[in-house]
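The structure under discussion appears below in the form of structure tokens.
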Amino acid sequence: MAENRRVVSIENRIPELKKYRKKKLIRHLAILIGIFAILILITLYFLSPLSKLDEIGVSGNKQLTENEVRKESGLSIGEFVLGISNSKTEDTLEKNTLIKKAAVSKEGLNNVQINITEFKTIGYQENDGKYYDVLESGVLLTDQPRQFPIGNDLLFRNFKNGKILKNMVDQINQLPNDVVSSISEVIYSPTKSDNNHIELYMNDGNKVSATISTFAEKMQHYPSIVAQLSKGQKGVIDIEVGSYFQSYYQQNAEKKAAEEKKEN
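Numbering (numbering that gives the first Met the number 0), first residue to last: 0 to 263.
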């Protein structure tokens, strides 16, 4: 009797087992079909033009051309978009001496937009009648010379790319705009006692003698120093150690006296 009940019980469960197995089979088939469908879609994507870089937009450039920025980015039309790293492309662009900051973003499915901020030109250095940009980063450009300087920017003389120029530009960047705009020329003129000695010709007719290391600290007081001079008085303001003024008249008189003494 017990055996008959057990047989009936198993027979009753057979349809349920069949349904469970059928559902399990359908679920497995659905998963396999889904995987194959995804693989097919991925394959179609990589085979389609949508997976490849179609356009590189450029904005923010002034000195660099759009094609130069594209070349500097290392990107090329036709490469896979998924293989492009925005951060790595930005790092590559910022290695260029003209580029201060780069921002790269993907636009749409297969376009890239590059926005750059260039280092500003704070002055020019003349060489053989041509003028070369001096950037706010302390770099002197040695190509793309200009026939004439633009605006009232500073004129640099005797500088070369390197630590001295970088330090000089760093000092200038610390000055108030009104003081910077009062400077006409910055001349690197090292002496035996001071390898960082500079001379400045001012727009008001005065001349300044200084050293690079303390230039910004002392030059910021230039307006107040000039305000203490007699009206129309022009000369050399020495701010290397303290603050000393010698008029051109006094300077010429001392020079003449020295020459006369030498002749006698």
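Think of the CB as a built atom: it goes at the ideal place given N, C-alpha and C, for glycine as much as any other residue.
- [ ] To the nearest angstrom, report how far apart K18 and L74 are at their CA atoms.
- [x] Translated into the one-based positions of the sequence shown, residue 18 becomes position 19. Translated into the one-based positions of the sequence shown, residue 74 becomes position 75. Their backbone Cα atoms lie some 56 Å apart in a straight line.
key: According to DSSP, residues forming a beta bridge with L134   = Within the sequence shown, residue 134 is the residue found at index 135, counting from 1. Residue pairing by DSSP places L134 opposite T120 in a beta bridge.
- Rounded distance between the beta-carbons of L92 and L117, thought under 8 Å: In the sequence shown, residue 117 corresponds to position 118, counting from 1. In the sequence shown, residue 92 corresponds to position 93, counting from 1. It should be pointed out that residue 117 corresponds to Glu in this sequence rather than to Leu. Between L92 and E117 the Cβ distance is about 11 Å, and since that is not below 8 Å, they are no contact.
Sort G137, V179, S181 and Q143 by Cα distance to G161 and report the nearest one.
-> Along the sequence shown, read from residue 1 onward, the residue named residue 161 stands at position 162. Scanning G137, V179, S181 and Q143 for the CA closest to the CA of G161 turns up G137.
- Message: Per the DSSP calculation, N112 is bridged to which residue(s)?
- Response: Taking the sequence shown and counting its residues from 1, one reaches residue 112 at position 113. Strictly speaking, residue 112 in this sequence is Gln, with Asn absent from that position. G56 and S104.
Can you give me the start and stop residues for the beta strand (DSSP E) that K206 sits inside? Here residue 206 is taken as the residue at index 207 of the sequence shown, counted from 1. Here the beta strand (DSSP E) through K206 covers K206 to T210.
### Task
Express the C-alpha separation of I41 and V7 in angstroms, rounding to a whole number.
Numbered from its first residue, the sequence shown carries residue 7 at position 8. Numbered from its first residue, the sequence shown carries residue 41 at position 42. Its pLDDT being 49, under 50, V7 is placed unreliably in this model, and the coordinates cannot settle the point.
| message | What does the Cβ neighbour count give for Q146, buried or exposed, with the cut at 16 atoms within 10 Å? | response | Working through the sequence shown from its first residue, we reach residue 146 at position 147. Under a 10 Å Cβ-count criterion, Q146 is classified as exposed, with fewer than 16 other Cβ atoms of the shown protein chains found around its own Cβ.
_Proximity to E312 [Cα-Cα], best of K119, G77 and D142_ = Residue coverage of the chain in this structure runs from 0 to 263, which leaves residue 312 outside it and unanswerable.
Pull up the distance between the alpha-carbon of E135 and that of N172, whole angstroms please. For this step, residue 135 is matched to residue 136 along the sequence shown. For this step, residue 172 is matched to residue 173 along the sequence shown. Rounded to whole angstroms, E135 to N172 spans 7 Å at the Cα level.
Item to complete: On the DSSP bridge assignment, give the partners of M201 in chain order.
Response: Within the sequence shown, residue 201 is the residue found at index 202, counting from 1. DSSP output for M201 lists I182 as bridge partner(s).
Checklist line | I25 versus L43 - alpha carbon distance | finding: Translated into positions along the sequence shown, residue 25 becomes position 26. Translated into positions along the sequence shown, residue 43 becomes position 44. Within the model, the alpha-carbon separation for I25 versus L43 is close to 26 Å.
Checklist entry - Assuming A209 contacts E239 under a Cβ cut-off of 8 Å, what Cβ separation, rounded to an integer in Å, is found between them? => result In the sequence shown, the residue the question calls residue 209 occupies position 210. In the sequence shown, the residue the question calls residue 239 occupies position 240. The pair is a contact, with the Cβ atoms about 6 Å apart (cut-off 8 Å).
Whole angstroms is fine: what's the gap from N66's alpha carbon to S58's?
What you label residue 66 is simply residue 67 of the sequence shown in a count that begins at 1. What you label residue 58 is simply residue 59 of the sequence shown in a count that begins at 1. Taking the straight line from one Cα to the other gives about 11 Å.
Who are the near neighbours of Q62 in its chain, counting only those whose CB is closer than 7 Å to its CB and skipping five residues on each side? Counting from one through the sequence shown, the residue named residue 62 turns up at place 63. Closer than 7 Å at Cβ, skipping near neighbours: L97 and E117.
With distances taken from CA atoms, which of I197, Q112, S188 and V168 is nearest G122?
-> For this step, residue 122 is matched to residue 123 along the sequence shown. Among I197, Q112, S188 and V168, the Cα nearest to that of G122 belongs to V168.
Spatial neighbours of Q170 within its chain, please: C-beta separation below 7 Å, excluding the five flanking residues on both sides. Numbered from 1 along the sequence shown, position 171 holds the residue referred to as residue 170. Beyond the five residues adjoining it in sequence on each side, Q170 comes within less than 7 Å, by CB distance, of I211, F214 and A215 in the same chain, given in chain order.
Notebook entry, point to check: Could you give the uninterrupted runs of the alpha helix (DSSP H) lying entirely in the region 218 to 250, keeping only those of 4 residues or more?
Noted result: Listed in chain order, the alpha helix (DSSP H) elements of length 4 or more contained wholly in the region 218 to 250 are 221 to 226.
Spatial neighbours of M247 in its chain, beta-carbon cut-off 8 Å, leaving aside the 5 residues before and after = Here residue 247 corresponds to residue number 248 of the sequence shown, with the count starting at 1. It should be pointed out that residue 247 corresponds to Tyr in this sequence rather than to Met. Hits under 8 Å: K233, G234 and V235.
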